[in-house]
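A short worksheet on the structure shown next.
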Amino acid sequence: MSKQPLSTITRKARIWPEISKAGVELPNPPGHQNNANPLTLITMLCSMAGMFAYIVIMPRFGGNSFFIVGIFIMSSCVMIGALLNFLFQWIPARRQKRRLQHSYTQKITSVKKQLRLLSLQERQGRLELDPPLIIPTPVPEHIYQQLTYTPILQRSFNNQDIQLWSRKPDDPDFLAVRIGMGERPPTFQIKRVSAPSTGTTTSIQARQWNELETLAHDYTSLIVPISISLAEQGTMAILDVDTEPSQARQQAMLMVANLAYHHSPDDVRIMILAPESQREVWEWAEELPHTQLYDPRLTSEEIDNTQQEHAVAIGNEAVLNLLPLISREVSRRELLLGDIQPHLQDKARAILPRLIIVVDHFDPVKDLNQPPSFLPLARIPSRPTASGTIHRSRLTSAPLQRPEMTLALNAARALGVSVITICSEHSAMPPNTSILLELRNTVDQQQETASVQAQIRYLAADAPPAIQCQWLDQGSQEAFHYLARKLQPLRPTTPKRLELRIQVDLCSLFEPHLDLAKYDPSLYWQDPALRLPDGTPTLRLPIGLKMADEIQYLDLLKDGPHGLLIGQTGSGKSELLQTIISALAIAYPPAEVNFLLIDYKAGLALEPFSHLPHTIGFLSNVSSEALIQRFILMLKAEATRREIRLREGRATPRLIIIIDEFAEMVKRTDSVLEELFTITRVGREIGMHLLLAAQRPEGIIGSKLRDYVQYRLCLRCASPEDSREVLRRIDAATLPASIPGRGYLLHGDNQLDLFQAARISMPTTPFVQNLYTTNKQKSIQLTNKQKSIQLTNKQKSVQFTNQE
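Reminder that position 36 of the sequence shown reads as 36 in full-length UniProt numbering, one-by-one numbering, no gaps.
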């Protein structure tokens, strides 16, 4: 795999296309109008006919002509009045009908135009959100008609590409993968009107109602990209029952390609299990940054500097090596799931990055190892590797049937895991499959062409109807290799997290980041960020990270001088003590800060720092009352010496006294607590600082201790009562047990900070040796009138001599 210069991709604000959800109301055709009554005209004609008949007949019977003329005139007037009445009714009705027809024609034309614009806008918007990987050949004209788009492979793959890694966990299309084009209902609603049920409609009205039905039917579905949301599904099966699983395998590769382009490696990680026979098919995925093996405790930059292996297992031995890593990662997520705050509704979204596991089809005969025949005195042949290690790795069953995949298949969605499996028959599908992508070959009888269509089925009792995908996307090995080469050198900019990190390296909290094995201590001892303008040390030290990667500082002068550290077994208490000591040693020279380390028990946590040039004394197994009293006597002598030097105006290094398992010491000697604070009551003035550490408060937090202890570090507590005794609230009892180092700092004016404690990521021996090359041995003489306690770095012992 060729290495390319790394390039950083900054996630940009996402510009969403406008897709309307408005409703479109179809107009009603004009109803039946109140035209002039034709009976009026018929009555008039009948009257006129009768009048003419009378005029013709009456003269033959000797009728009076004058009388006939009068009747004629009267009848003519009646006829003219009736005709005028008819015309005055018919002409306005005719005009009204024409106006209504014209208005309806304008409305229906406007609605048709609006529907065309809405459909084109939605099709264009959806295509912008889900472009194809390559330009399909041949291009179906009616699918992409009037649409403009740029396939993924024709994009720039740099910071100018606004869609590259644009999808975020909170987006509605997060983990949505495109499979092709098909017909889907539009987002806009068509408000249809029903034709009248009576038979009074005219032929024109019937034709208009039919046109409305046709118009509504034409826009009941649009040809848009068809996608599957993996965020809501646990296990997905791609089934190709007609042919070998080559089409299913191509769809799986297209899904991986779409995931890799649209999602950042910080949000999505991909693991692939494939047989040796498909090496040429899947080897392109090894170059994707999403398939890089990662440690959830490290940042992207730290991963790049530590390992370059990829989670693409091709071949039986590689699959057997990757399966335990999958099991370990899924088990870690299960523990993390129980520690997530209970008020989160969707815990799966809180577990990042989302893990996508692609499992290819393993042919039982061609791809799997056949189980050995156990004959008498038969030996299983072993084959040594290049390193001489003997492996007996045999993959006799498909990965989906291995116990390492059980948890991932059964609780995938809850753990932020999605499994994509390629199957050749229904019986090979995992029992917990929640979505099925079924591929079938179809033949167009008119054009005499064959194609592959897909059906998306949700496997649930109340599942929605199946979704048809008439035009599947296409891909090629050249296209996949090109995509992988484009993405291989890209790395995401590490965002400011809105949650706490799982693990923090102390070296990353200093600027510039330091290497404990070969850094120059004198450079960091003069860091102006940790000193006042006159060069005086502030005793401010970084101990971890808060929300949004803000550094958590502990200020021994402003927050102190004395503090308390409480944390149950496994909470990271010892690591936090080591962090505090290391941070002080990195930031300040021995001429300004000294350590006195006391451990009531074996002292395994503090012993590595006994060789620091800062450490003037290290005591372990301080269990006898006599030794405790001698320790108190030593502190009295040191306090007296410092008071004398203070009056003389002579500077002395700050003395940081760290006592681990202090609660056990208090149990054995009740007066030690009062004597300690009596000695150090003016700790800030004489430069003496106490840090008392214990697993549980167990009653040591009394009124006196509250008065003397200014800051409190509280990791996970065994009970809400212990947390309340330290913090006056129960929050520390709910801290996750699976994340050591997570805790609270109560300091200042009751300011409470949640932080993740930093840790030392390498052995302390090179660190200590490096410090010794910069400093000479120190020897501090602590005396009072009767006793003399000699603490030397060389001997690392406490000598009690009587001067009487």
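For each residue, glycine too, the CB sits at the ideal point set by N, CA and C. Every value quoted in this text rests on a predicted model; they were computed, and no experiment measured them.
> Nearest CA to the CA of VAL256: which residue from GLN247, ARG269, GLU244, SER246?
Replying inline: Stepping through the sequence shown from its first residue, residue 256 is reached at position 256. Comparing Cα positions, the closest option is ARG269.
>> Using 8 Å for Cβ pairs, my map puts ALA248 next to LEU239. What's the rounded Cβ distance?
In response: Sequence index remark: in the sequence shown, residue 248 carries index 248 (1-based). Sequence index remark: in the sequence shown, residue 239 carries index 239 (1-based). Your pair ALA248 and LEU239 checks out as a contact, with CB atoms roughly 7 Å apart and the cut at 8 Å.
> So ARG716 is in the alpha helix (DSSP H); what residue range does that whole segment cover?
Replying inline: Numbered from its first residue, the sequence shown carries residue 716 at position 716. Neither: ARG716 is in no alpha helix (DSSP H) and is coded neither H nor E.
>> Looking at the strands, I want to know which residues DSSP matches up with LEU745.
In response: Your numbering for residue 745 matches position 745 in the sequence shown. When beta bridges are read from the DSSP output, LEU745 appears opposite LEU713, ASP753.
> Quick one: what does DSSP say HIS513 is sitting in, helix, strand or coil?
Replying inline: Sequence index remark: in the sequence shown, residue 513 carries index 513 (1-based). DSSP places HIS513 outside both helix and strand once states are collapsed to three, so it counts as coil.
> What is the residue span of the beta strand (DSSP E) that GLY182 lies within?
Replying inline: Your numbering for residue 182 matches position 182 in the sequence shown. Start and end: 176-184.
>> Judging by CA-CA distance, which residue of GLN208, LEU87, GLN96, GLN121 is the nearest neighbour of ILE108?
In response: Translated into the one-based positions of the sequence shown, residue 108 becomes position 108. Its Cα nearest to that of ILE108, the residue GLN208 stands out among GLN208, LEU87, GLN96, GLN121.
>> Excluding the 5 residues flanking GLY362 on each side, which residues of the same chain have their C-beta closer than 6 Å to its C-beta?
In response: As a first step, residue 362 is located in the sequence shown; it is residue number 362 there, counting from the start. Note on identity: in this sequence residue 362 is Phe, with Gly being the wrong assignment. Excluding positions up to five away in sequence, the list reads PRO275, LEU368, ALA398.
> How would you call TRP525, buried or exposed, if buried means at least 16 neighbouring beta carbons within 10 angstroms?
Replying inline: To locate residue 525, count along the sequence shown from 1; it is residue 525. When all chains shown are included, TRP525 counts as buried.
>> Tell me which residue opens and which closes the beta strand (DSSP E) that GLN695 is part of.
In response: For this step, residue 695 is matched to residue 695 along the sequence shown. Following the DSSP letters along the chain, one finds GLN695 in no beta strand (DSSP E), marked with neither H nor E.
>> Suppose only complete runs of 3+ residues qualify. What are the beta strand (DSSP E) ranges in the region 225-278, listed by chain order?
In response: If we require 3 residues or more, the beta strand (DSSP E) runs fully inside the region 225-278 come out as 235-240, 268-274.
> Going by other Cβ atoms of all chains shown within 10 Å of its Cβ, with 16 needed for buried, is THR433 buried or exposed?
Replying inline: Locating residue 433 in the sequence shown gives position 433, counting from the first residue. Residue burial annotation: THR433 is buried, with at least 16 other C-beta atoms found within 10 angstroms of its C-beta.
> Is it buried or exposed for TRP471, if we count other Cβ within 10 angstroms and need 16 for buried?
Replying inline: In the sequence shown, the residue the question calls residue 471 occupies position 471. Label assigned to TRP471: buried.
> Considering only the beta carbon of each residue, do LEU576 and LEU690 sit closer than 8 Å?
Replying inline: Working through the sequence shown from its first residue, we reach residue 576 at position 576. Working through the sequence shown from its first residue, we reach residue 690 at position 690. Taking C-beta atoms as the reference points, LEU576 and LEU690 fail to come closer than 8 Å.
> Can you name, in chain order, every residue of its own chain whose Cβ lies under 6 Å from the Cβ of ALA176, other than the five neighbours on each side?
Replying inline: For this step, residue 176 is matched to residue 176 along the sequence shown. Cβ neighbours of ALA176 beyond the five flanking positions: SER227, SER229.
> What is the residue span of the beta strand (DSSP E) that PRO542 lies within?
Replying inline: Position 542 of the sequence shown, counted from the start, is the residue given in the question as residue 542. Here the beta strand (DSSP E) through PRO542 covers 540-545.
> Does the distance from the CB of LEU415 to the CB of ARG333 come in under 8 Å?
Replying inline: Within the sequence shown, residue 415 is the residue found at index 415, counting from 1. Within the sequence shown, residue 333 is the residue found at index 333, counting from 1. Pairing LEU415 with ARG333 gives a Cβ-Cβ distance under 8 Å.
> With 16 as the cutoff for other CB atoms within 10 Å, does HIS343 come out buried or exposed?
Replying inline: Residue numbering aside, residue 343 sits at position 343 when the sequence shown is read from its first letter. Caution is warranted here: a pLDDT of 47 is assigned to HIS343, below 50, making its placement in the model unreliable, and the coordinate value is therefore given only provisionally. Under this definition HIS343 is an exposed residue.
> Are LEU164 and TYR294 closer than 8 Å when you measure CB to CB?
Replying inline: The count along the sequence shown starts at 1 and reaches residue 164 at position 164. The count along the sequence shown starts at 1 and reaches residue 294 at position 294. Not closer than 8 Å, so no.
>> Going by the DSSP bridge assignment, what does GLY23 pair with across the sheet?
In response: Working through the sequence shown from its first residue, we reach residue 23 at position 23. Answer is GLN189, bridged to GLY23.
> DSSP three-state call for ARG98: helix, strand or coil?
Replying inline: Residue numbering aside, residue 98 sits at position 98 when the sequence shown is read from its first letter. DSSP places ARG98 in the helix class (H, G or I) of the three-state scheme.
> Under 8 Å, do LEU26 and ARG192 count as touching if we go by C-beta distance?
Replying inline: As a first step, residue 26 is located in the sequence shown; it is residue number 26 there, counting from the start. As a first step, residue 192 is located in the sequence shown; it is residue number 192 there, counting from the start. Yes, they are a contact pair.
> Relative to the C-alpha of PRO29, which residue among SER203, CYS46, LEU556 is closest?
Replying inline: Translated into positions along the sequence shown, residue 29 becomes position 29. Distance from the Cα of PRO29 is smallest, within the candidate group SER203, CYS46, LEU556, for SER203.
>> What would DSSP say about PHE609, mapped onto helix, strand or coil?
In response: Residue mapping note: residue 609 aligns to position 609 of the sequence shown, counting from 1. The answer is helix: DSSP assigns PHE609 an H, G or I state.
> Count the other CB atoms within 10 Å of the CB of CYS77; is the residue buried (16 or more) or exposed (fewer)?
Replying inline: For the purposes of this step, residue 77 is taken as residue 77 along the sequence shown, with counting starting at 1. By the neighbour-count rule (16 or more Cβ atoms within 10 Å), CYS77 is not buried but exposed.
> Is GLU438 helix, strand or coil when you go by DSSP?
Replying inline: In the sequence shown, residue 438 corresponds to position 438, counting from 1. DSSP places GLU438 within a strand segment (E or B) once states are collapsed to three.
> If you count every other CB in all the chains shown that lies within 10 Å of the CB of ILE179, and 16 or more means buried, which is it?
Replying inline: Taking the sequence shown and counting its residues from 1, one reaches residue 179 at position 179. So ILE179 ends up on the buried side.
>> Please state the DSSP three-state secondary structure of ASN321.
In response: Here residue 321 refers to the residue found at position 321 of the sequence shown. Looking at ASN321 - three-state DSSP - the assignment turns out to be helix.
>> If you follow the beta strand (DSSP E) that ASP660 is in, where does it begin and where does it stop?
In response: Along the sequence shown, one-based indexing puts residue 660 at 660. Annotation for ASP660: the continuous beta strand (DSSP E) segment containing it runs 654-660.
> With DSSP run on the structure shown, which of helix, strand or coil describes GLN292?
Replying inline: Taking the first residue of the sequence shown as position 1, residue 292 is located at position 292. Here GLN292 sits in strand by DSSP.
> What residue does the alpha helix (DSSP H) around GLU401 start on, and which one ends it?
Replying inline: Reading the sequence shown from its first residue, position 401 is the one you call residue 401. Checking the sequence, you will find Gln at residue 401 rather than Glu. No alpha helix (DSSP H) contains GLN401, which DSSP labels as neither H nor E.
> From the DSSP output, which residues share a beta bridge with MET48?
Replying inline: Reading the sequence shown from its first residue, position 48 is the one you call residue 48. Paired residue(s): none; MET48 is not in a bridge.
>> Just to check my reading of the structure: GLN552 and ASP753 have Cβ atoms closer than 8 Å, yes? What is that Cβ distance to the nearest angstrom?
In response: The residue labelled residue 552 in the question sits at position 552 within the sequence shown. The residue labelled residue 753 in the question sits at position 753 within the sequence shown. The Cβ separation is near 6 Å, so the contact holds.
>> Tell me the rounded alpha-carbon separation between LEU735 and THR652.
In response: What you label residue 735 is simply residue 735 of the sequence shown in a count that begins at 1. What you label residue 652 is simply residue 652 of the sequence shown in a count that begins at 1. CA-CA distance, LEU735 to THR652, rounds to 40 Å.
> From ASN158, ALA411, GLN145, LEU487, pick the residue whose C-alpha is nearest to that of residue 805; which is it?
Replying inline: Not covered by the structure: residue 805. The range shown for the chain is 1 to 804.
> Is it the case that the Cβ atoms of ILE632 and ASN594 are separated by a distance below 8 Å?
Replying inline: Position 632 of the sequence shown holds residue 632. Position 594 of the sequence shown holds residue 594. Going by C-beta atoms, ILE632 is not nearer than 8 Å to ASN594.
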